[in-house]
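*Asks:* In our numbering, the protein residues as written are 180 to 457.
Using N, Cα and C, we set each Cβ at its ideal position, and we do this for glycine too.
Take a look at this one; I'll ask things after.
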Ligand code: LIP
């Protein structure tokens, strides 16, 4: 049984996913309606946090841990649970794409992942400005507002790449630009939207095919990678898998063939080595 958003009914000893979806949508309404937020920085001028981020993380921590008693909460704005703290762990970015949000660019996301025994279990990504919800529970498919979604079957030459240039740590930017320079003649085009959660979710509905970012935090990608995998996509890291317990490179694609070609191009630059301590 599913609700109008395609959220599957819960199995025994799972959270009520219909309630979780309602909490995420309510958090989106709060973000969309917050016009009086303040903006500050976290270390560098590029790394912003708004009062809306902080308020929404507090709301989501309270509501999600109440909806699943005993669950732990890992959030971007200071809730530092680890994946081993509980059987169930929420990994949350209250506003992914904070810079876009702070400037009124309607491309950002509330990103909520649920991990079980340190493995991806469910993901919810909401664009609060478009009121569009992407969701998935492991093994039960991926949905966009109740409609099943699936990655595209475009080949590498026809692919759109979403990427970024590590604006929070610009010492890593040169390698990222080099990857774009290598890929550009081999693919269709490049996008830089500024919200990993939304860009990976757009891949899940077939709007894009490739994603590369050298340094993402778990809350940026955990929900959307869960949705992407349920939509038929795939992902990996550099010299190993994506890490969900700290900063990690993320490479993602609509097919294993395209992921291999993406990894080949990335490793022409990084040679299988992550250029920072995770
Ligand atoms: C953002 C990521 C995005 C990255 C931005 C930023 P935030 O997350 O989703 O992919 O390129 O620099 O890190 O910080 O806005 O939640």
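1. Count the other C-beta atoms from every protein chain shown that fall within 10 angstroms of the C-beta of residue 323, then say buried if there are 16 or more, exposed otherwise.
2. Hey, would you say residue 426 sits closer than 8 Å to residue 394, going by beta carbons?
3. When the Cα atoms are used, what is the spatial distance from residue 353 to residue 247?
4. Compute every distance between the C-beta of residue 256 and the non-hydrogen atoms of the ligand COA, then say whether any falls below 7 Å.
5. Is the Cβ-Cβ distance between residue 268 and residue 260 less than 8 Å?
6. Rounded to whole angstroms, what is the Cα-Cα separation between residue 303 and residue 408?
7. Can you find the residues in the same chain that come closer than 7 Å, C-beta to C-beta, to residue 368, ignoring five residues on each side of it along the sequence?
8. Alpha carbon to alpha carbon, what distance is there between residue 211 and residue 453?
9. Comparing C-alpha positions only, which one of 228, 251, 411 sits nearest to residue 333?
10. Any heavy atom of the ligand LIP closer than 7 Å to the beta-carbon of residue 300?
11. Look up residue 180 in the DSSP assignment and say whether it is helix, strand or coil.
12. Please say whether residue 415 and residue 438 have beta carbons closer to each other than 8 Å?
13. Quick one: give me the first and last residue of the beta strand (DSSP E) that residue 304 is part of.
14. How many whole angstroms separate the CB atoms of residue 251 and residue 265, which I take to be in contact at a CB cut-off of 8 Å?
15. Where does residue 235 sit, in a helix, a strand or coil, going by DSSP?
16. With respect to the beta strand (DSSP E) encompassing residue 143, which residues constitute its N-terminal and C-terminal limits?
17. Per DSSP, which residues does residue 346 bridge with? Please list them.
18. Whose CA, out of 399, 294, 236, lies closest to the CA of residue 273?
19. Please return the same chain residues whose Cβ sits closer than 6 Å to the Cβ of residue 387, not counting the five positions on each side in sequence.
20. Between the C-alpha atoms of residue 197 and residue 301, what's the straight-line distance to the nearest angstrom?
21. Quick check on residue 414: does DSSP put it in helix, strand or coil?
22. Take residue 305 as the anchor and find which of 295, 297, 317, 291 has the nearest alpha-carbon.
23. In angstroms, rounded to a whole number, what distance separates the CA positions of residue 366 and residue 326?
24. Can you tell me whether residue 402 is buried or exposed, with buried defined as 16 or more other CB within 10 angstroms of its CB?
25. So the beta strand (DSSP E) residue 437 belongs to, where does it begin and stop?
26. Is it buried or exposed, residue 254, if we count other Cβ atoms within 10 angstroms and call 16 or more buried?
27. Three-state secondary structure (DSSP) at residue 397?
*Replies:* The structure says:
1. Answer is buried; the Cβ neighbour count reaches 16.
2. In contact: residue 426 and residue 394 (Cβ atoms closer than 8 Å).
3. Distance between the alpha carbons of residue 353 and residue 247 is about 43 Å.
4. The model on display carries the ligand LIP but not the ligand COA.
5. Yes, the pair counts as a contact, with Cβ atoms nearer than the cut-off.
6. The C-alpha of residue 303 lies about 13 Å from the C-alpha of residue 408.
7. Around residue 368: 339.
8. Straight across, the Cα-Cα distance linking residue 453 with residue 211 is about 37 Å.
9. Taking residue 333 as reference, the option from 228, 251, 411 with the minimal CA-CA separation is 411.
10. Checking every heavy atom of the ligand LIP against the Cβ of residue 300, none is found closer than 7 Å.
11. The predicted model places residue 180 with a pLDDT of 38, which falls under 50 and marks its position as unreliable, so this point remains unresolved.
12. In this structure, residue 415 lies closer than 8 Å to residue 438 by Cβ.
13. Per DSSP, residue 304 is one residue of the beta strand (DSSP E) stretching across 298 to 306.
14. So it is a contact: roughly 4 Å between Cβ atoms.
15. Of the three classes helix, strand and coil, the one that applies to residue 235 here is helix, per DSSP.
16. This structure does not reach residue 143, given that the chain is present from 180 up to 457, and the question cannot be answered.
17. Beta-bridge pairing links residue 346 to no other residue.
18. Of 399, 294, 236, the residue nearest in Cα terms is 236.
19. The residues are 339, 341, 381.
20. Approximately 12 Å, taken between the alpha carbons.
21. In the structure shown, residue 414 sits in a strand (DSSP, three-state: E or B).
22. Of the residues 295, 297, 317, 291, the one whose Cα lies closest to the Cα of residue 305 is 291.
23. Approximately 29 Å, taken between the alpha carbons.
24. Buried, because 16 or more other Cβ atoms sit within 10 Å of the Cβ of residue 402.
25. Taken as a continuous stretch (DSSP letters only), residue 437 belongs to no beta strand (DSSP E), being part of the alpha helix (DSSP H) at 435 to 449.
26. Label assigned to residue 254: buried.
27. Under the three-state reduction of DSSP output, residue 397 falls in the helix class.
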